[in-house]
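Chemist: These protein sequence lines are chains A and B, in that order.
This note's numbering numbers the first residue of the first sequence as 43 and each following residue consecutively.
This note's numbering numbers the first residue of the second sequence as -18 and each following residue consecutively.
Got a structure for you, questions after.
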Amino acid sequence: MKTQLETQLSDDLQQIVASQPFAPDVAAIERRGRQLRRRSAAARGAAGLGVAAGITAVALAVSTAQPGAALPGRAQPPSVAAPAVRLASATVVLDKAAVAVAVAGAGHSFVMPGPHQWIYEKGIKKSPIGVITRESWIRFDGERSADIENGKLKVLPFGSAQDGDPLATPQGAAHYLSSLPAQPRALLAAIYKKDKAEPRSQWYVNLYATAFSDLMELQSSATGAVPPKVQADVFRALALIPGIRDIKTTDMLGRPAIGITVPAINGYFLLDPTTYALIGLSYQGSGGTQITDAVVSGPGQR
Amino acid sequence: MSGREEEFRDFARSRAAPLHRSAYLLCGDWHLAHDLVQETLAQAYRHWHRVQQADSPDAYVRRILLNEARKRWRRRENAMPVARITTEPVVLDAADEIVRRAGLLQALLALPPGQRETVVLRYLEGMTERETATLLGCSEGTVKSQTSRALSSLRTFLDRTESRL
């Protein structure tokens, strides 16, 4: 039996959400659903190749990464007194980003995390309740995740693996990206080939926007486990997409940043205008700015 | 159009509005709620046979919505305020229920995700403690404690008498 307080809460919640019309775009839902199905099918094939590539990478790498160590070549927060953004062409900016990530990773041998290692992320973003920061963990195989709730670590029995899409997990996306051809032009051609295998009705407006979106999703799913060399290749591949452009924007704290995007996509790779490091991804005005990430052996570790 | 597609469309149209309302209370933004529901139903389309085979298709899809919302928090939205908003009610006009409810919404959005999900399932969707526990994959005791903590945090925005003072 509900108390008076609970009844009041139910009434208030009903009032808060009352009178908000909503009609789903069923055609768009079905297009997206079919796209997800095809991505899963394609990824199941690609994941096998990717795992093999990942094992090779581990075998070749000198194990210098320590638990808790920041991932080589990953973003550092923008300097506090960031200068005003001066834009060059997107091609020039992305080349600088590629050089920066390669240089940052040069002193480290990248070691692909194991499936039961965890990726720790700390980032900031604006939300309806103000600027907030967040720490989170996701197991590399995507089967578990963890958050801080009420100051306490909460490990959840699910992660991105439950989507049924191998490319949605850090492991699947990182291995898939690592399995792509090393040359930027060939890398982009592989993405185009994958997208062309889908009916045009599944694309985001056109092939170029679809390829950009794919690389953005893979970058997001890989959650900081992209080898610096591969990251550099991705930046140089992005530069080859027709219509690629850079814009002046800000990160989630309002600091100057460079946004990389293509027409018809409301999403950006955010680069530090000083170091050209990748500092986050922004989707439709949401997204976040990354403060740090690291490979750790368990949830709660930093 | 196949019967299967027709069934899905009927399902999507009938469930979209309640999902949209729940999504709004989970994320606090109608546009984001729209995106969450579109993606939730796309996932349902992708796994339509599983939805149809589920004991409760509604519960299955609500589970997808919670997962999608959690993913947004994890990847993009974040959950913990740097500076928590005050839990004291703002100075309210005597009968300004709109302002009081706005405060309640802000307080709800400031709750940890688990408490917020519990509140939405129990007090918007009217689920029992057992149903909520099954959906969230936890014990009824956890639902009780999450509910208790949430009500404690929201109490100042629910006491109409106090608010009118």
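By construction, the Cβ of each residue, glycine as well, lies at the ideal position given by its N, Cα and C atoms.
With H, G and I counted as helix, E and B as strand and the rest as coil, what does DSSP make of residue 163(A)?
Modeler: Numbered from 1 along the first sequence, position 121 holds the residue referred to as residue 163(A). It is a strand residue.
Chemist: Tell me which residues of the region -1 to 10 of chain B have at least one Cβ-Cβ distance to chain A shorter than 7 Å, keeping chain order.
Modeler: 1, 2, 5, 6, 9 and 10
Chemist: Do you know offhand how far residue 260(A)'s Cα is from residue 215(A)'s?
Modeler: As a first step, residue 260(A) is located in the first sequence; it is residue number 218 there, counting from the start. As a first step, residue 215(A) is located in the first sequence; it is residue number 173 there, counting from the start. Each residue's Cα considered, the two are about 5 Å apart.
Chemist: Run down chain A in chain order and give the residues with a C-beta less than 7 Å from the C-beta of residue 93(B).
Modeler: Stepping through the second sequence from its first residue, residue 93(B) is reached at position 112. Under the 7 Å cutoff, chain A gives 191 and 192.
Chemist: Grouping DSSP H, G and I as helix and E and B as strand, with all else coil, what is residue 176(A)?
Modeler: As a first step, residue 176(A) is located in the first sequence; it is residue number 134 there, counting from the start. Note: residue 176(A) maps to strand in three-state DSSP.
Chemist: Taking the beta carbon of residue 90(A) as the centre, do at least 16 other beta carbons fall within 10 Å, making it buried, or is it exposed?
Modeler: Here residue 90(A) refers to the residue found at position 48 when the first sequence is read from its first residue. A caution first: residue 90(A) carries a pLDDT of 33, below 50, which makes its placement in the model unreliable, though a value can still be read off. Exposed, because fewer than 16 other Cβ atoms sit within 10 Å of the Cβ of residue 90(A).
Chemist: According to the neighbour-count rule (16 or more other Cβ atoms, all chains shown, within 10 Å of its Cβ), is residue 47(A) buried or exposed?
Modeler: Locating residue 47(A) in the first sequence gives position 5, counting from the first residue. Per the 10 Å Cβ criterion, exposed.
Chemist: Residue 182(A) and residue 157(A): beta carbons closer than 8 Å?
Modeler: Position 140 of the first sequence holds residue 182(A). Position 115 of the first sequence holds residue 157(A). Taking 8 Å as the Cβ cut-off, residue 182(A) and residue 157(A) qualify as a contacting pair.
Chemist: Which of the three DSSP states, helix, strand or coil, is assigned to residue 102(A)?
Modeler: As a first step, residue 102(A) is located in the first sequence; it is residue number 60 there, counting from the start. Bear in mind that the predicted position of residue 102(A) carries a pLDDT of just 23, short of 50, making it unreliable; the figure below should be weighed with that in mind. The answer is helix: DSSP assigns residue 102(A) an H, G or I state.
Chemist: Leaving out the 5 sequence neighbours to the left and right, which residues in its chain are closer than 6 Å to residue 196(A) when beta-carbon positions are compared?
Modeler: For the purposes of this step, residue 196(A) is taken as the residue at position 154 of the first sequence. So the qualifying residues of the chain are 189.
Chemist: Below 8 Å on the Cβ atoms is my guess for residue 191(A) versus residue 94(B); work out the distance and round it to an integer in Å.
Modeler: On the first sequence, residue 191(A) is found 149 positions in, with the first residue counted as 1. On the second sequence, residue 94(B) is found 113 positions in, with the first residue counted as 1. Between residue 94(B) and residue 191(A) the Cβ distance is about 7 Å, and since that is below 8 Å, they are a contact.
Chemist: So, is the C-beta of residue 47(A) closer than 8 Å to a C-beta in chain B?
Modeler: On the first sequence, position 5 is the one that residue 47(A) refers to. Interface residue, yes.
Chemist: Could you give the distance in angstroms between the alpha-carbon of residue 137(A) and the alpha-carbon of residue 52(A)?
Modeler: Translated into positions along the first sequence, residue 137(A) becomes position 95. Translated into positions along the first sequence, residue 52(A) becomes position 10. Computed Cα separation, rounded: 55 Å.
Chemist: If we ignore side chains and look at the alpha-carbon of each, how far apart do residue 132(B) and residue 38(B) end up?
Modeler: Here residue 132(B) refers to the residue found at position 151 when the second sequence is read from its first residue. Here residue 38(B) refers to the residue found at position 57 when the second sequence is read from its first residue. When rounded, the distance between both Cα atoms is 29 Å.
Chemist: What's the call for residue 145(A), buried or exposed, on a 16-neighbour Cβ count within 10 Å?
Modeler: Along the first sequence, one-based indexing puts residue 145(A) at 103. Residue 145(A) comes out exposed.
Chemist: Would you mind stating whether residue 212(A) and residue 161(A) have Cβ atoms separated by less than 8 Å?
Modeler: Taking the first sequence and counting its residues from 1, the one referred to as residue 212(A) is at position 170. Taking the first sequence and counting its residues from 1, the one referred to as residue 161(A) is at position 119. Residue 161(A) is positioned such that its CB atom lies closer than 8 Å to that of residue 212(A).
Chemist: With 16 other CB atoms within 10 Å as the buried threshold, where does residue 194(A) fall?
Modeler: Within the first sequence, numbered from 1, the residue matching residue 194(A) stands at position 152. So residue 194(A) counts as exposed.
Chemist: Which residues in chain B sit within 7 Å of residue 72(A), going by Cβ to Cβ distance?
Modeler: For the purposes of this step, residue 72(A) is taken as residue 30 along the first sequence, with counting starting at 1. Correct list: 26.
Chemist: Can you check whether the C-beta of residue 111(B) is within less than 8 Å of a C-beta belonging to chain A?
Modeler: As a working note, residue 111(B) is residue 130 in the second sequence. Chain A, which has no Cβ nearer than 8 Å to the Cβ of residue 111(B), makes this no.
Chemist: Please list the partners that residue 196(A) has in chain B, where partner means a Cβ-to-Cβ separation under 9 Å.
Modeler: Taking the first sequence and counting its residues from 1, one reaches residue 196(A) at position 154. By Cβ distance, chain B contributes 93, 94 and 95.
Chemist: With a threshold of 8 Å between beta-carbons, can residue 161(A) be considered close to chain B, or not?
Modeler: Along the first sequence, read from residue 1 onward, the residue named residue 161(A) stands at position 119. No, residue 161(A) lies away from the interface with chain B (no Cβ there is under 8 Å from its Cβ).
Chemist: For residue 317(A), which option in 43(A), 75(A), 135(A) and 67(A) has the closest C-alpha, if you only look at C-alpha atoms?
Modeler: Translated into the one-based positions of the first sequence, residue 317(A) becomes position 275. Here the closest residue by C-alpha is 135(A).
Chemist: Does the separation of the CB atoms of residue 105(B) and residue 55(A) fall below 8 Å?
Modeler: Locating residue 105(B) in the second sequence gives position 124, where the first residue counts as 1. Locating residue 55(A) in the first sequence gives position 13, where the first residue counts as 1. Yes, the Cβ-Cβ distance between residue 105(B) and residue 55(A) is below 8 Å.
Chemist: Sort out for me which residues DSSP pairs residue 310(A) with in a bridge.
Modeler: Against the first sequence, residue 310(A) aligns to sequence position 268. Bridge partners of residue 310(A): 324(A).
Chemist: Use the C-beta contact count for residue 79(B): other C-beta atoms within 10 angstroms, 16 or more gives buried, fewer gives exposed.
Modeler: In the second sequence, the residue the question calls residue 79(B) occupies position 98. Exposed, since its Cβ has fewer than 16 Cβ neighbours within 10 Å.
Chemist: Less than 8 Å between the beta carbons of residue 19(B) and residue 300(A), yes or no?
Modeler: Taking the second sequence and counting its residues from 1, the one referred to as residue 19(B) is at position 38. Taking the first sequence and counting its residues from 1, the one referred to as residue 300(A) is at position 258. Cβ atoms of residue 19(B) and residue 300(A): not closer than 8 Å.
Chemist: Using a Cβ cut-off of 8 Å (strictly closer), state whether residue 184(A) contacts chain B.
Modeler: If you number the first sequence from 1, residue 184(A) lands on position 142. Closer than 8 Å: no.
Chemist: Can you tell which of 164(A), 50(A) and 166(A) has its C-alpha closest to the C-alpha of residue 81(B)?
Modeler: If you number the second sequence from 1, residue 81(B) lands on position 100. That would be 50(A), whose Cα lies nearest to the Cα of residue 81(B).
Chemist: Quick check on DSSP: helix, strand or coil for residue 282(A)?
Modeler: Within the first sequence, the letter at position 240 stands for residue 282(A). Coil.
Chemist: For residue 108(A), which of helix, strand or coil comes out of DSSP?
Modeler: Counting from 1 along the first sequence, the entry for residue 108(A) is found at position 66. Interpretation of residue 108(A) is limited by its pLDDT of 35, a score under 50 that renders its predicted location unreliable; the figure taken from the coordinates is listed afterwards. In the three-state reduction of the DSSP assignment, residue 108(A) falls in the coil class, being assigned neither a helical nor a strand state.
Chemist: The alpha helix (DSSP H) spanning residue 17(B) covers which residue range?
Modeler: If you number the second sequence from 1, residue 17(B) lands on position 36. It spans 11 to 27 - the alpha helix (DSSP H) in which residue 17(B) sits, taken as one unbroken run.
Chemist: What is the C-beta distance between residue 1(B) and residue 152(A), in whole angstroms, given that I count them as a contact (C-beta under 8 Å)?
Modeler: Here residue 1(B) refers to the residue found at position 20 when the second sequence is read from its first residue. Here residue 152(A) refers to the residue found at position 110 when the first sequence is read from its first residue. About 43 Å; that fails the 8 Å criterion.
Chemist: When the Cα of residue 198(A) is compared with those of 118(B), 126(B) and 123(B), which residue comes out closest?
Modeler: Numbered from its first residue, the first sequence carries residue 198(A) at position 156. Residue 198(A) has its Cα closest to that of 118(B), out of 118(B), 126(B) and 123(B).
Chemist: Under the three-state reduction of DSSP, which class applies to residue 224(A): helix, strand or coil?
Modeler: As a working note, residue 224(A) is residue 182 in the first sequence. Coil, per DSSP.
Chemist: So what does residue 32(B) bridge to, in DSSP terms?
Modeler: On the second sequence, residue 32(B) is found 51 positions in, with the first residue counted as 1. Residue 32(B) pairs with nothing; no bridge assigned.
Chemist: What is the residue span of the beta strand (DSSP E) that residue 130(A) lies within?
Modeler: Here the question's residue 130(A) lines up with position 88 in the first sequence. DSSP places residue 130(A) in no beta strand (DSSP E); its state is neither H nor E.
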